[in-house]
Amino acid sequence: MCLPQFRPARDPLVSEFRLDRSPPALPGMVGPIRRLLRDVLHAMGLDPDSACLIVSELVTNALVHGEGRPSVVLELHCGKLHITVSDASGNPLQRQAPDDSRASGRGLDIVEALSEEWGVELIGSYGKAVWAVAAVSGK
Numbered sequence: 393m394c395l396p397q398f399r400p401a402r403d404p405l406v407s408e409f410r411l412d413r414s415p416p417a418l419p420g421m422v423g424p425i426r427r428l429l430r431d432v433l434h435a436m437g438l439d440p441d442s443a444c445l446i447v448s449e450l451v452t453n454a455l456v457h458g459e460g461r462p463s464v465v466l467e468l469h470c471g472k473l474h475i476t477v478s479d480a481s482g483n484p485l486q487r488q489a490p491d492d493s494r495a496s497g498r499g500l501d502i503v504e505a506l507s508e509e510w511g512v513e514l515i516g517s518y519g520k521a522v523w524a525v526a527a528v529s530g531k
């Protein structure tokens, strides 16, 4: 995957970017999307950890519980990373009750804990978009 050329800005709050991706609906696509975001944020001198975990969880949910090819939009504005992952399923998100014995099912809890805010929007008859906003700061 070719990466755009980014140079670290003197002030990360004035740095901006937008990346749109529509990966195939395959479980192996979570890693490349996460690595792309990590590499871009790292090249800009920003800490990628929380943002990469959020994007991993949202893309995984779209691949496991959604329908069709997901759409991933990553936008950085004023030190805030806006992450939107949409899919063709209009089914509402279903958060599972807390249960320490489960091996999975904590993705939305992780998104909620790491993001400043998050939510879900229905896209008419086209599906839904799950979004989160994460603060990113310099390393």
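Sequential numbering of the sequence shown, starting at 393, is according to my numbering. The beta-carbon is built from N, C-alpha and C at its ideal position, and this holds for glycine as well.
Per DSSP, what kind of secondary structure is Glu-508 in: helix, strand or coil? Here residue 508 refers to the residue found at position 116 of the sequence shown. Note: Glu-508 maps to coil in three-state DSSP.
Leu-468 versus Glu-504: straight-line alpha-carbon distance, rounded: Start at 1 with the first residue of the sequence shown, and residue 468 comes out as number 76. Start at 1 with the first residue of the sequence shown, and residue 504 comes out as number 112. Distance between the alpha carbons of Leu-468 and Glu-504: 19 Å.
Given a cut-off of 8 Å, decide if Lys-520 and Glu-513 are closer than it, judged by their beta-carbon atoms. Here the question's residue 513 lines up with position 121 in the sequence shown. Here the question's residue 520 lines up with position 128 in the sequence shown. With contacts defined as CB atoms closer than 8 Å, Glu-513 and Lys-520 qualify as a contacting pair.
Per DSSP, Gly-530 is paired with what? Your numbering for residue 530 matches position 138 in the sequence shown. For Gly-530, which the question treats as bridged, DSSP gives the partners Leu-438.
Roughly how many angstroms separate the alpha carbons of Ser-448 and Val-422, rounded to a whole number? Indexing the sequence shown from 1 puts residue 448 at position 56. Indexing the sequence shown from 1 puts residue 422 at position 30. So the two alpha carbons sit approximately 6 Å from each other.
Buried or exposed: which applies to Val-456, given that a residue is buried once 16 or more other Cβ atoms fall within 10 Å of its Cβ? By one-based count along the sequence shown, residue 456 stands at place 64. Exposed is the call here.
Could you tell me the alpha carbon to alpha carbon distance between Leu-473 and Val-451, rounded to whole angstroms? As a working mapping, residue 473 is identified with position 81 in the sequence shown. As a working mapping, residue 451 is identified with position 59 in the sequence shown. Taking the straight line joining both Cα atoms gives about 15 Å.
Whole-angstrom distance between Ser-507 and Gln-488, CA atom to CA atom: Counting from 1 along the sequence shown, the entry for residue 488 is found at position 96. Counting from 1 along the sequence shown, the entry for residue 507 is found at position 115. If I take the Cα positions, the gap works out to 19 Å.
Do Arg-461 and Ser-414 count as a contact pair if the criterion is CB distance below 8 Å? Numbered from 1 along the sequence shown, position 22 holds the residue referred to as residue 414. Numbered from 1 along the sequence shown, position 69 holds the residue referred to as residue 461. Their beta carbons are under 8 Å apart, which means Ser-414 touches Arg-461 by this criterion.
Taking Ala-417 as the reference, which of Leu-438, Ile-425 and Ile-515 has the closest Cα? The residue you call residue 417 lines up with position 25 of the sequence shown. Closest by alpha carbon: Ile-425.
Whole alpha helix (DSSP H) elements within the stretch 446-493, 4-residue minimum: none
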